[in-house]
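See structure below.
2 protein chains.
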Amino acid sequence: MKALIVDNSGTDPVMKMGEHPTPEHGESELFVKIKATALNRADLMQKAGKYPPPEGESPILGLEMAGTVISAGSKVSKFKKGDRVYGLLGGGGYAEYCVIHEDLAMPIPDNLSFEEAAAIPEVFLTAYQAISWLGELKQNETILIHAGASGVGTAAIQISKKLYNAKIAVTAGSDKKLKLCESLGADLLINYKKSDYSERIKSNFGKNKINLILDFVGAPYWFKNVDVLSTDGCIVYLAMLGGTKIDNMSLVPILRKRITIKGSTLRNRPLEYKIRLVSDFQAHVSKYIGSGDIHPVIHSTYDWHQAEEAHQLMGNNQNAGKIILTGM
Amino acid sequence: MKALIVDNSGTDPVMKMGEHPTPEHGESELFVKIKATALNRADLMQKAGKYPPPEGESPILGLEMAGTVISAGSKVSKFKKGDRVYGLLGGGGYAEYCVIHEDLAMPIPDNLSFEEAAAIPEVFLTAYQAISWLGELKQNETILIHAGASGVGTAAIQISKKLYNAKIAVTAGSDKKLKLCESLGADLLINYKKSDYSERIKSNFGKNKINLILDFVGAPYWFKNVDVLSTDGCIVYLAMLGGTKIDNMSLVPILRKRITIKGSTLRNRPLEYKIRLVSDFQAHVSKYIGSGDIHPVIHSTYDWHQAEEAHQLMGNNQNAGKIILTGM
């Protein structure tokens, strides 16, 4: 089959259209014609050789897809040929075909195109896992979502508002991105280039008022994050794009405020964990996707031959929402 | 009533026998003649002015007691005059009498004296909360308990072994203390003065094998704790006696190993939380106390007129297990 292959022969690694063995489905798996996939930061890292695929996963980039079932394994009971499905992949989305365990696949709601569906799995499951499972957000609590206009950010805003009626503060680097966050339900919009987010939060919400923080920045935000957290507050780290080293770090607030700090990734979790997450997501979030109350946020769609351009857009932080590849 | 009062008139604060207003019970509370109480490190901190009592709590030291019910509020249904009870206090244990919410009081099993019962509430509830609620230890997992011969340590060893059949590594500062830990069920005994605990754990259990760490030391153990933790491992901080500042702290393992860090105290939790904890403790641990399978570890018993001596013993880390005050 055709697939985008990382070429390391030049100074920088680039993707080139090439050939890769077509995967074969196991007895509980679906064989799917991919119609669309979406970019994740992990793709850029994997291309740069910094995020090798977990053992047993496809070396091809791409952590999610939407497509049509071509055939199903002998033990598959939930889907049949022709069904429109979307879901998480351990790898292999930048290709014509993929296989996916039937319990990881979800039926695409009628109101969504393949492109829209492909924008959902990774960021919405990550946001749901971070908010509901790890952060244990409760009704009417207050959440701070950094990078609010990112894929996970836009998903997190909608999930916290719709499922938990949360009070939501977001940070982003442009007023245009903040406008998007506001349209999704964010209450306090903070342009981190123009103001200090901890001061803005304290003056708007009060001291020690944030119950949960979703952070992708890491070390540069440590002290301010801890400062705005409430008693029994929690920080969930999903990335650390701004740095990882903290000097003069104090453990005191962890004890005094009874803080919880959690780091999480989704890709390298065991299959059984992902299946439970997908099942829980379908029980609690999918109805809102089907009704249009929660929707994917798409920044732009590229033909997969232009995947390099799409990667550059993401690398330069120019996107607000997901970048889609299609045309497989 | 008679009570030990902190006297700050000299260079160092000391406790002196004095008079304090006898507390009056509310409608859901018990009025109890205290027969024994036990020391906690928090008492030493409070005496030094570093750990003020939570609002509404007695200013008298003492976070636990065992005694006899003298009278009960009009809404009390679980206890009656003459019952032997023990439980957590927000303060006020170093006195002749106390009041306690009936849902925080537990009946003393027949096999325990007042002195033995007084040794249980604070450390066993703290250990249970840390292991079961915060650390979420699972059957046959591996736990590292620092300060294994401390009050919480001796409780934690027994709870992890009896409830979770855990593989247990402990650290302590003397071979005598380690002997005690072994008798309670510890599998790997590490004298931190003689060897590097992370090396000992890696050579005995393997790399990245500790699912849960109970830590009272803080900053000096940060790097080694993170080093021995497994994927999805957790550190629960109950104190930070060795220091709180970490230089060159890296967030990387938190993300890479999906680590959870939690800080916790028990005293300043809301009443409703403590009631749930006591209720859960009675459902899962009390039967083992009643059967003698889990038992308090008492280092020594002092008449409460000798409380200052008892404090010195604890301040010098000379105790293995609890120090009891009696004779009220």
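Same order as they appear, the protein sequences are chains U and P. Under our numbering, residues 1 to 328 are what the first sequence spells out, in order. Under our numbering, residues 1001 to 1328 are what the second sequence spells out, in order. Using N, Cα and C, we set each Cβ at its ideal position, and we do this for glycine too.
Go through its chain and collect everything with a Cβ distance to residue i's Cβ below 6 Å, but skip five positions before and after it.
i	result
residue 83/U	69
residue 36/U	66, 114, 115, 118, 324, 326
residue 1153/P	1145, 1147
residue 1321/P	1154, 1297, 1298, 1299
residue 40/U	63, 122
residue 303/U	327
residue 161/U	185
residue 180/U	149, 320
Keeping to the same chain, check which residues put their C-beta closer than 7 Å to that of residue i; ignore five residues upstream and five downstream.
i	result
residue 253/U	226, 259
residue 98/U	23, 32, 34, 65, 89, 92
residue 20/U	1, 3, 5, 60, 95
residue 1126/P	1152, 1238, 1266
residue 190/U	169, 170, 171, 197, 200
Is it true that the CB of residue j sits closer than 8 Å to the CB of residue i?
i	j	result
residue 1156/P	residue 1214/P	yes
residue 237/U	residue 1251/P	yes
residue 1268/P	residue 245/U	no
residue 1124/P	residue 1102/P	no
residue 1027/P	residue 1075/P	yes
residue 1086/P	residue 1060/P	no
residue 1284/P	residue 1163/P	yes
residue 1336/P	residue 261/U	Residue 1336/P lies beyond the residue range present for chain P, which begins at 1001 and ends at 1328; the question has no answer from this structure.
residue 1192/P	residue 1159/P	no
residue 1142/P	residue 1205/P	yes
residue 168/U	residue 186/U	yes
residue 1122/P	residue 1038/P	yes
residue 218/U	residue 243/U	yes
residue 1377/P	residue 1104/P	Missing from the structure shown is residue 1377/P; chain P here goes from 1001 to 1328 and no further.
residue 257/U	residue 233/U	yes
residue 137/U	residue 211/U	yes
residue 1106/P	residue 1291/P	no
With a cut-off of 8 Å, does the C-beta of residue i fall near any C-beta of chain P?
i	result
residue 152/U	no
residue 313/U	no
residue 261/U	yes
residue 274/U	no
residue 329/U	For chain U, the structure presents residues 1 to 328; residue 329/U sits outside this window and is missing.
residue 237/U	yes
residue 214/U	no
residue 200/U	no
residue 240/U	yes
residue 137/U	no
residue 255/U	yes
With a threshold of 8 Å between beta carbons, is residue i in contact with chain U?
i	result
residue 1252/P	yes
residue 1248/P	yes
residue 1233/P	no
residue 1245/P	yes
residue 1277/P	no
residue 1219/P	yes
How should residue i be labelled, buried or exposed, when 16 other C-beta atoms within 10 angstroms of its C-beta is the threshold for buried?
i	result
residue 171/U	buried
residue 231/U	exposed
residue 1132/P	buried
residue 1239/P	buried
residue 306/U	exposed
residue 1043/P	buried
residue 1198/P	buried
residue 1140/P	exposed
residue 319/U	buried
residue 1176/P	exposed
residue 1165/P	exposed
residue 1058/P	buried
Only counting the same chain, and skipping five residues up and downstream in sequence, which positions put a Cβ closer than 8 Å to that of residue i?
i	result
residue 196/U	224
residue 71/U	25, 30, 31, 81
residue 1317/P	1173
residue 311/U	15, 39, 43, 44, 47
residue 1008/P	1049
residue 77/U	102
Taking 7 Å as the cut-off, is the beta-carbon of residue i closer than that to any non-hydrogen atom of the ligand NAD?
i	result
residue 300/U	Only the bare structure without any ligand can be found here, which leaves the ligand NAD out of the picture.
Under 7 Å Cβ-Cβ, which residues of chain B neighbour residue i?
i	result
residue 258/U	In the structure shown, chain B does not exist; the protein chains are U and P.
Check whether the segment 1011 to 1018 of chain P touches the segment 1053 to 1060 of chain P, counting contact only when three or more Cβ pairs, one atom from each stretch, lie closer than 8 Å. No: fewer than three Cβ pairs fall under 8 Å.
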